[in-house]
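Undergrad: Following the numbering used here, the numbering of the sequence shown begins with 962 at its first residue and continues without gaps.
Yeah, the Cβ is synthetic: ideal placement off N, Cα and C, and Gly gets one too.
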Amino acid sequence: ESTIGIFIREFNVYSQILTLSGAWVHINSRRSIPFSIPGFVNPAMLDDVIPFLPKDETAREFKEQAHITDVSVPREVSAPLVTKLRQVWSESEAIYRANAGALDNAHQVLAHQTDLRFGTLEKIASKLLGPRVELTPPALLAVRRAILRQGLVFGADRRSSRFTRVFLIHPQQTVQSLHDVAGWIRAYQNAEASSASREEPPPKAKDFDYDDRVGVRNIRHFLSRAKYFIQHSRRNRPLSPVGTIGASRIQHPISNESESIRVEPSLPFSQADQEIIRFLFTACLTHMFDKDPRYFALAEHVIRSSGEYEASGELGRSYVYTFLQEIGAILPWENIRLHDEHLLLPNSQRSKPLERLRDSINHDDPTATFPDTMQDLRRDWKNLPVYCIDGPATVNVDDGISVERIPGSQDQYWIHIHVANPTARIDKSSNIARMAAHMTSTLYTPDDHYWLLPQWITQRFASLAPDRPVLTFSCRIDRKGNILQTTIQPGIVRNVTRLTYTGMDTILGTNKSTVPRNVLAVGLDPEIIEQMTKDKVPPNLTPGQREDLGILVHLAKARRDYRRGNGGFNFDFVDTAAVAISKLQKGGKNIAAKIPLLSGKSYRVEGDPGILLLGDEYSGYFKPKQDMPSRDMVTEMMLLAGEIGAQWCSERNIPVIYRGMFASVLRRAGAGVTTDTYWNEVLEPELKANGQVPDHLATMYLNLTGRVGSALVPLRHTGVGLPQYTKVTTPLGRYSDMVAHWQIESAIREEARTGESLKGSKREDYLAFTRSELFPVVPRLRAREQMLNDAKAGSNTFWINQLVYRAFYYKQAELPETFEVVVSSDIGRAPNVVRAIWKHYGIRAHLMLPPEKFVNKSKTEMFARIGDHWEARIKEVHPFYGHIYLEPVRLLHREEHTIDEIFARLGKSA
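(1) Among the residues of its own chain, which have a CB less than 8 Å from the CB of Trp-1640, if the five just before and after it don't count?
(2) Roughly how many whole angstroms lie between the Cα atoms of Ile-1288 and Ala-1233?
(3) How about Gln-1492 and Leu-1545: do their beta carbons lie closer than 8 Å?
(4) When the Cα atoms are used, what is the spatial distance from Val-1070 to Pro-1675?
(5) Less than 7 Å between C-beta atoms, sequence neighbours within five positions excluded: which residues of the same chain meet that for Lys-1723?
(6) Here's the rule: buried if 16 or more other CB atoms are within 10 angstroms of the residue's CB, otherwise exposed. What is Gly-1000?
(7) Can you check DSSP and say which residues form a bridge with Trp-1375?
(8) In chain order, what residues of the same chain have a beta carbon less than 8 Å from the beta carbon of Phe-1736, not counting five sequence neighbours either side?
(9) Can you give me the Cβ contacts of Asp-1408 inside the same chain, cut-off strictly under 6 Å, excluding the 5 residues immediately before and after it?
(10) Taking Asp-1009 as the reference, which of Ile-988, His-987, Thr-1330, Leu-979 has the closest Cα?
(11) Note down, in chain order, each residue of its chain lying with its Cβ closer than 7 Å to the Cβ of Tyr-1579, except the 5 sequence neighbours on either side.
(12) Where does Phe-1284 land, buried or exposed, given buried means 16+ other C-beta within 10 angstroms?
(13) Whole angstroms is fine: what's the gap from Gly-1670's alpha carbon to Pro-1692's?
(14) Excluding five sequence neighbours on each side, which residues of the same chain lie with their C-beta closer than 7 Å to the C-beta of Ser-1039?
(15) For the beta strand (DSSP E) holding Phe-1780, just list the boundary residues, first then last.
(16) Identify every run of the beta strand (DSSP E) within the region 1658–1720, keeping only runs that are complete inside it and at least 3 residues long; order them along the chain.
(17) Hey, could you find the ends of the beta strand (DSSP E) Glu-1857 is sitting in?
(18) Considering only the beta carbon of each residue, do Ala-1290 and Ile-1206 sit closer than 8 Å?
(19) Using the three-state DSSP reduction, which class does Ser-1227 fall into: helix, strand or coil?
(20) Could you have a look at Ala-1729 and say whether DSSP puts it in helix, strand or coil?
(21) Would you mind giving the Cβ-Cβ distance between Ile-1761 and Thr-1687, rounded to the nearest angstrom? I have them listed as a contact below 8 Å.
(22) Can you grab the Cα-Cα spacing for the pair Glu-1295 / Ile-1845, in whole Å?
(23) Taking DSSP as the reference, what is the three-state secondary structure of Met-1622?
(24) Applying the 10 Å Cβ sphere with the 16-neighbour rule, what's the burial state of Gln-942?
(25) Who are the Cβ neighbours of Asp-1829 in its own chain at under 6 Å, not counting the five residues just before and after it?
(26) Between which two residues does the beta strand (DSSP E) carrying Lys-1562 extend?
(27) Nearest CA to the CA of Ile-1367: which residue from Asp-1360, Gly-1361, Trp-1375?
(28) Around the Cβ of Pro-1430, are there at least 16 other Cβ atoms within 10 angstroms (buried) or fewer (exposed)?
(29) Let's test the definition: count the other Cβ atoms within 10 Å of the Cβ of Asn-1501 and tell me whether it reaches 16, buried, or not, exposed.
(30) Taking all protein chains shown into account, do 16 or more other C-beta atoms lie within 10 angstroms of the C-beta of Arg-1796, making it buried, or fewer, making it exposed?
(31) Need the endpoints of the alpha helix (DSSP H) that Val-1358 sits in, please.
(32) Give the single residue among Ile-1705, Phe-1079, Val-1566 whose Cα lies nearest to the Cα of Cys-1610.
(33) What span of residues does the alpha helix (DSSP H) with Thr-1494 cover, start to end?
(34) Distance, Cα to Cα, Arg-1440 vs Met-1589?
(35) Does the beta-carbon of Thr-1401 have 16 or more other beta-carbons within 10 angstroms, so that it is buried, or is it exposed?
(36) Taking the straight line between their C-alpha atoms, what separation do you get for Arg-1834 and Thr-1660?
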């Protein structure tokens, strides 16, 4: 059973909870809380309890005394809170008992035979409890407990289930298949145990019941085939020192004509084999078995029974992954980050309705017409230059920028941010829009792309190009960055010029992106690397166009200064990107070679992808920039468009997905410290004295600034220094931007129809989406966006680790014996591990602390601290877990004052 309690407060990354027994516990983060009832108690009820609870720095001492004294809150003090908890628990128990029949059979009631289903907790409760039971918090708690008791048949995303309350309902067929295979493995275990105890040859099939005979035969047959595939695989791919599949001994060159990978089908798997493979696939590439570890133990037993792996103790998920690779069921470099069951990509083979939706829109239909709903209202921008500035590999162009001089004024200009306008042609209820809502945003990984919108639509009428429709976000601005006037209007752009970031910086001499990036590669010849890193030749611009770009850079600097004056900041996050290819080509998949998942065949794979890493020298998170390179200029213009869009919608009370930050007061060393206090007394003096801020101080500022959130009403975004903000500039790659465009288009059409402004209006009848329709969308989009960000970052890390793995163990690239790293976090994978960044490439790694020098993290005399510079060497690379483990050699540099010392000083001055 889950623990229920009352959330008291937060210390840095820890949350303090008062439990049903009156005891307190600390959990690592709010993400660990899967279910909550907002406003359960009046915060004033906590005042009497807090004095008896430990502060962050004394929690460990409290726990150490627990064996000799009661460290719980006195019962007479905690009684009002505990009574409320017990009341909810008792009501929940009563509801459960009254509806036990339906609750205990929830999966049979809710699940489809073959299709994956989803349901919110509220909808599931309505179905199971019926209309007579009110969906009170105790009722929802009872239903949630019933779902958890049924184990792996339901799934919930631990990262977001607290605010989405969405559950996966696995198909009955899938669940039955897993149960069947589990039965086969148990029968095989019993057979092996029986044989071992009698010291005789394995018993024959006739010695068992029919079902057990089938199970034993199926597992034995599968293991026999598996040993054959594994031994054949190891002739080309021997196991690595960490027990993972190795690089191919047979390599093929990459060129414009040939691929580096050869994939050929081998022998087929039987139907029973396929069921067992699906079971193992579930064990290592999903978290479905986390709810019932017994199932994973069965998967582990199959791997151990193959006799091909010598690891002692638990084999773990990585060995199941290696087993599937060696039998040819998945690729030797299968990206595990894309198999998150909650991510549910269209090709994941988990949802037949999703596959049907994908197939309905994936092919160009030349007969389909897409009328432009804004056609009669579009402004023709004629010969006004529009500059689209992107990376060299950009396929879909979302936006372009223009500057327009105002006659008679020397210090005022119109800035126009022209944004692609697919929503004017795509109905919000169409299959195309439904798939976009599911995807939420385009997912870019080093080896593939998963588009928000089908490419045939984007390239036919949406991606920015001459004579394409746009939605233009405009503002009149002075040279100090003050916005004087704003407007939004549909239009058509004619005079479009495309530039790369490097190309623009070369033209204007604005530096940063013209500095060569640090390159590390495996499987690629120098000529191929040069082709992949060579930028496009910038176009010849007229003096007038150069002047336009110079004005835009100046105005972007002014806007940056304006935002800083409002508390905004710019963090120079590590931008290390990997690209994995098997053939030189433009667009499309980076690696065409795939193994169809669960296809019924084993595949033999020769060769490996080429992997290229482009990294920047890491020089700290917080590094205020004096220049304005093109990438930063574009960022400022996109923020400006988001502010214009938010202001325009706010004036009309239009519900869109506003972004902002919820303030945080961080309590540490007894001090309640606000962002303003920390900025004025810590960061600003550092900036004035040294021109930048050390990492350990910048990291703490990130914690203080609060959490980014979203809502249907305007939020102040303190992080970027804007009074209100919404995202509007990526409608080809982000669904929330599409929603904003549909809403804005509705208002523009209504204002044109009536001839009156909607400023101050409370009406919603003209909108594409009402507030009540968007309300449930906000938490779902928030969860999906975070999930996709995790998948993108995780995929990048996965391929970087593949690269370093092949360079370190197979010498496919030269690595230095030792190198400099910067400690980026004191929270690692284990108590003796901290996170670090390989300075030269910006690669994230884990620094392992020597046991003899490791000091408990609650102390200030840590062996390694945030901001430390160390010389280190690679100890181990594990591609499945995505970890590069380093061992320290010597300390190179340490900042003078610790965070706790600084907070103690702030506490005394408060």
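TA: The short version:
(1) Gly-1528, Tyr-1662
(2) 15 Å
(3) Gln-1492 is a Cβ neighbour of Leu-1545, given a cutoff of 8 Å.
(4) 41 Å
(5) Asn-1614
(6) exposed
(7) Paired residue(s): Glu-1365, Arg-1437.
(8) Within the same chain, Cβ atoms closer than 8 Å to the Cβ of Phe-1736 are found at Leu-1673, the five residues on either side in sequence being excluded.
(9) Ala-1541, Asn-1551, Ile-1552
(10) Of Ile-988, His-987, Thr-1330, Leu-979, the residue nearest in Cα terms is Leu-979.
(11) Val-1535, Val-1783, Ile-1798, Lys-1800, Gly-1803
(12) In this structure Phe-1284 is buried. Its beta-carbon is surrounded by 16 or more other beta-carbon atoms within 10 angstroms.
(13) 20 Å
(14) Leu-979, Gly-983, Val-1010
(15) 1780–1786
(16) 1668–1672
(17) Segment: none, Glu-1857 is in no beta strand (DSSP E) and carries neither H nor E.
(18) no
(19) strand
(20) coil
(21) Contact doesn't hold; Cβ gap of about 33 Å is too wide.
(22) 18 Å
(23) strand
(24) Residue 942 falls outside the range modelled here, since the chain spans only 962 to 1871, and no answer is possible.
(25) Val-1784, Arg-1855
(26) 1562–1567
(27) Trp-1375
(28) Under this definition Pro-1430 is a buried residue.
(29) exposed
(30) buried
(31) DSSP places Val-1358 in no alpha helix (DSSP H); its state is neither H nor E.
(32) Ile-1705
(33) 1487–1494
(34) 15 Å
(35) buried
(36) Answer to the nearest angstrom: the Cα atoms are 25 Å apart.
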